[in-house]
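Residue numbers (our numbering): 42 to 509.
Note that beta-carbon positions come from the ideal geometry of N, C-alpha and C, so glycine has one too.
A quick note: this is a predicted structure, and the numbers were derived from the prediction, not measured.
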């Protein structure tokens, strides 16, 4: 009798309790091979897309290879047409026209392609005690000490006085030099180590070392600075004042690598948020004859609040949807009201080395699949986009029916963490929106870590959502 009772209890428990899903235990051998192949392509994209400009350039190349054409307001469109809009080389919207009326809404996937980094100041180059350095201003939320004593490459554009633009990419190729921010040796750092953690390295100490040799033996001051400007003039045809109209970014120079003896993870710079941007783009490229028009947006400026004309606080997304609606003779606001969006952004993965910041019943884990985050914000949900129960139910059904392994999570304990995504700005357009993305270890560090299986399940999530 006791055994029968235990059996019945076990049966009820399995029926009623939430079961933790570990992707590695649920995924087939075939899907495991697919996830490895997908990870390889993602790593290639990430290595070539270390800035938002590079991500857009590579996205456009992939879109055009797959038959997408630039969108022109008022153009004639029909089901199956593929279009895109390049917003100033820093953000992009692409769409595949569906068979349903546009008034039934679009299926939108939105990710950001900017990542924390060191930006050069407008007047960056100086010489101090016969060393040449660049002054920087960090971009996004970083632990400043993590950016010292690692190899950095320099990416961006310089717009010269005559209006011509030159692209800069130094430090990625095998024969290129790299740069670095120096740090104090431990022997001389007792005073530094007494600083608060956020001041162990201060913002004005993040100076990029770029040279040490004088131009020649003439009795002139700032010979090392002159030598650097001479090199840059020969290579790019620029002079010092051209830095005033430049956007130069220092990012980690090392490539993305497989991580772990089992090669189950990917370590590298820029997972936040290109680990969601690439699957969202790939899902659109692989989309065939969707019912609802499918839209993917890769946006800029998320790490600094989404302001500016390439961030989602601006109007370029609703303008696109309104222009698209005009092509079909309907109102943009009606399209937005009926639309649904997956805000494709990462969440923090549980780290057993630092367990205290997480509430373990409500956090994301590596290899447990794509993470669905109902709300973001901080403390009392400040600044959040909190998805409705109805929309969470819709997403839940779509993922389950598509055999996607998924989990839920939030960014740390209630009073310990918090953060925001682009979800709020899309939800403010009267679009049902929820955050969905990959769990990340060491988020915002120069070397972040994700799971290959979680990456693949995120791609699958976007695919089934677009098809819903």
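Check	Outcome
Taking the CB atoms as reference points, tell me whether residue 144 and residue 375 lie closer together than 8 Å.	yes
Here's the rule I'm using: 16 or more other beta-carbon atoms within 10 Å means buried, otherwise exposed. How should residue 97 be labelled?	buried
For the beta strand (DSSP E) containing residue 414, list its first residue and its last residue.	411-414
Whole angstroms is fine: what's the gap from residue 17's alpha carbon to residue 150's?	Missing from the structure shown is residue 17; the chain here goes from 42 to 509 and no further.
How about residue 482 and residue 407: are their beta carbons less than 8 Å apart?	yes
Once DSSP output is grouped into helix, strand and coil, what is the label at residue 379?	coil
Kindly indicate which three-state DSSP category residue 176 falls into: helix, strand or coil?	strand
From which residue to which residue does the beta strand (DSSP E) around residue 290 run?	287-293
Measure the CB-CB distance between residue 343 and residue 463 and report whether it falls below 8 Å.	yes
Excluding sequence positions up to five away, which residues of its chain have a Cβ less than 7 Å from the Cβ of residue 262?	none
Just to confirm, is the Cβ distance from residue 390 to residue 187 under 8 Å?	no
Is it true that the CB of residue 250 sits closer than 8 Å to the CB of residue 174?	yes
Just mark residue 108 as buried or exposed, buried being the case when its beta carbon has 16 or more other beta carbons within 10 Å.	exposed
Once you ignore the five residues that flank residue 100 on each side, which residues in its own chain have a CB closer than 7 Å to its CB?	133, 322 and 339
Measuring straight from C-alpha to C-alpha, what distance separates residue 227 and residue 189?	14 Å
In whole angstroms, what separates the C-alpha of residue 297 from that of residue 83?	10 Å
Rounded to whole angstroms, what's the CA-CA distance from residue 42 to residue 48? Just pull it up for me.	The pLDDT assigned to residue 42 is 49, lower than 50, so where the model puts this residue is not dependable, and the model offers no usable value.
How would you write the range of the alpha helix (DSSP H) that residue 150 sits in, first residue to last?	Careful: residue 150 lies outside any alpha helix (DSSP H), inside the beta strand (DSSP E) at 147-153.
Give me whichever residues DSSP pairs with residue 158 in a beta bridge.	180
Check each candidate in 68, 444 and 454 and name the one with the smallest Cα separation from residue 418.	454
Taking C-beta to C-beta, are residue 120 and residue 139 nearer than 8 Å?	yes
Would you say residue 507 and residue 320 are within 8 Å of each other, going by their C-beta atoms?	no
Is residue 269 near residue 377, with beta carbons less than 8 Å apart?	no
In angstroms, rounded to a whole number, what distance separates the CA positions of residue 556 and residue 277?	This structure cannot speak to residue 556, because the chain is shown only from 42 to 509.
Count the other CB atoms, across all protein chains shown, that sit within 10 Å of the CB of residue 94; report buried if there are 16 or more and exposed otherwise.	buried
Can you tell which of 217, 310 and 475 has its C-alpha closest to the C-alpha of residue 502?	475
Going by other Cβ atoms of all chains shown within 10 Å of its Cβ, with 16 needed for buried, is residue 66 buried or exposed?	exposed
Given 8 Å as the limit, is there contact between the segment 441-456 and the segment 399-406, that is, 3 or more CB pairs closer than that?	yes
Within the same chain, show all residues whose beta-carbon is closer than 8 Å to that of residue 282, passing over the 5 residues directly before and after it, in chain order.	202
On a CA-only basis, which of 488, 448 and 420 is nearest residue 433? Give me that one, please.	448
Report the residue from 91, 58, 52 and 70 whose alpha carbon sits nearest the alpha carbon of residue 294.	91
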